[in-house]
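Notes follow the structure.
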Amino acid sequence: MPSSSTTRSSASRIPLLDVLKGLACALIVGHHLVFYGPMSDVAYPLAPGLMDWMFEYGRMAVQVFLVLGGYLAASTLAPQGVARFESPLQQVLRRFVRLSTPYLAALLFGLLAAELARYGMEHPSIPSAPTLPQFLAHVFLLQDLLGFEALSAGVWYVAIDFQLFVLAVAVFSLARRLPERWAAAWQAPALVLLGTGASLLYFNLLPELDTVGLYFAGSYGLGMLAFWAGRSASPYRWLMAVALLGLTALALDFRERIAVALVTALVLGVLQASGGARVWSPLPKVQRLGQMSYSVFLAHFPVCLLVNALFSQLWPSQPWANAAGMLVAFGLSLRAGQWLYRHVETRLVSMPVAMRMQGGLLVATGLLLLGLKAL
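Sequential numbering of the sequence shown, starting at 39, is according to our numbering.
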């Protein structure tokens, strides 16, 4: 998931990490613009090769965020391989509130956008009007586990990111309670290694598990292992071990998504180990996009819905106009994400502030649901 900026540690201040997030964010927005028409359907003859590539491979950028999520979780929760938090429940609650507050703001925007889009077009990309159980499932990030239709593109990832964070907290808490047969700093990484291997070699081969964190734990775990490897006394030796694990998984069953995750993890490990790379700051605009990538990820789908509805009304069959509309939607998505980043995500300076903001969003969304039901 695009990671919430409020949870980032010093390890995430490597400028190239934000560049990676920015590039991945742009790919995901582009993928959704192609995947969810109708503008892309009309503009397709202008660039069929590019459209096909974005449709098929743009979604692979999610793997970058999964690996980065694990990398940042390790840097925040256990940078030395030992849990540095006292209360697991407090960590989980803090993560939930910080993830879900901008998520709820974007969900409120998404409900409004979907209702407006229904007046402009009929298209399967528009979510159905939500029921109360469906909305509550989204509030608690349980929509996929309970079988509800998603209210916005990408909400599945927020739920998966939260599941993976909870798993990481549980692993670190368990490691702290194990008998001290090994050095304490080895216990949690050993458990993460076992879990990563189990996911890559078994759980990730079962498509029916793609709504639970275990399916994605391999990519997340590669990020955690890359963080510790890059900080070790022999970083490249340990990165070779990470590479061996990933290559074994690919030899068992080649999956492009796992190949992307492995390459990302190795790049992160090298950046962590390299002093020069830690301060290199290329592509400053892409770096800024990476810093607000979570908010862009949340806000872009409602924007795309509205622009699609407008252009389908004004230029229903003109390819060049719809291609321009896709560019407009991309630019407005960045602006909407910037607004959400500045006014919600970066204002979560404390739990009381976040809880007050979340309470207001829940009330506003509840009133909106009542209003939609009355229409």
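Even for Gly, the Cβ is constructed at its ideal location relative to N, Cα and C.
With a 10 Å radius around the Cβ and a threshold of 16 neighbouring Cβ atoms, F200 comes out buried. Around the Cβ of T286, a 10 Å sphere holds fewer than 16 other Cβ atoms; the residue is exposed. Within the region 238-299, the complete alpha helix (DSSP H) segments of 4 residues or longer fall at 251-269 and 273-290, listed in chain order. Excluding residues up to 5 positions away in sequence, S163 lie with their Cβ nearer than 6 angstroms to the Cβ of Y74 in the same chain. Burial state of K59 is buried, judged by a 10 Å Cβ sphere holding 16 or more other Cβ atoms. Beyond the five residues adjoining it in sequence on each side, P126 comes within less than 6 angstroms, by CB distance, of V207 and S211 in the same chain, given in chain order. Contact annotation, A303 with V280: C-beta distance approximately 6 angstroms; criterion of less than 8 angstroms satisfied. Taking C-beta atoms as the reference points, R132 and F203 fail to come closer than 8 angstroms. Of the residues T114, H70 and L263, the one whose Cα lies closest to the Cα of S190 is H70. Residue environment analysis places D291 among the exposed positions, since fewer than 16 neighbouring C-beta atoms fall within 10 angstroms of its C-beta. A distance below 8 angstroms separates the beta carbons of V334 and L372. In this structure, the beta-carbon distance from F368 to V177 does not fall below 8 angstroms.
Judged by DSSP secondary structure, F103 falls within the alpha helix (DSSP H) whose first and last residues are A99 to L115. With contact defined as three or more Cβ pairs closer than 8 angstroms, the region 349-356 and the region 97-112 are not in contact. P168 sits in coil when the DSSP states are folded into three classes, being neither helix nor strand. DSSP, reduced to helix, strand and coil, places P354 outside both helices and strands of the structure shown, so it counts as coil. Inclusion of G363 and V345 in the CB contact set at 8 angstroms is warranted, their separation being smaller than that value.
Its Cα nearest to that of Y195, the residue M98 stands out among L283, M98, S319 and A374. DSSP places D182 in no alpha helix (DSSP H); its state is neither H nor E. Under the DSSP assignment, F210 falls in the alpha helix (DSSP H) whose first and last residues are V193 to R215. For S319, there is no enclosing alpha helix (DSSP H), as DSSP marks it with neither H nor E.
Judged by their CB atoms, P227 and W266 are nearer to each other than the 8 angstroms cut-off. The beta carbon of Y82 lies closer than 6 angstroms to those of M89 in the same chain, with the five residues before and after it left out. Beta-carbon to beta-carbon, A299 and Q101 are separated by about 4 angstroms, close enough to satisfy the 8 angstroms threshold. Close CB contacts of E294 within its chain, under the 6 angstroms cut and outside five residues either way in sequence, are absent. Spanning the alpha carbons of L149 and A167 requires a straight line of approximately 8 angstroms. Taking a 10 Å sphere around the C-beta of T169, we find fewer than 16 other C-beta atoms and assign the residue as exposed. Look at A121 here: in three-state DSSP terms it is coil, with no helix or strand label.
Ranking L61, L352 and L142 by CA distance to the CA of L378 puts L142 first.
Of the residues L336, Y253 and L65, the one whose Cα lies closest to the Cα of G96 is L65. In the DSSP annotation of this structure, the continuous segment of the alpha helix (DSSP H) that includes M77 starts and ends at M77 to A81.
Scanning G233, L365 and A361 for the CA closest to the CA of V80 turns up A361.
According to the DSSP assignment, Y95 belongs to the alpha helix (DSSP H) that extends over P86 to Y95. Scanning S78, S350 and C63 for the CA closest to the CA of G192 turns up C63.
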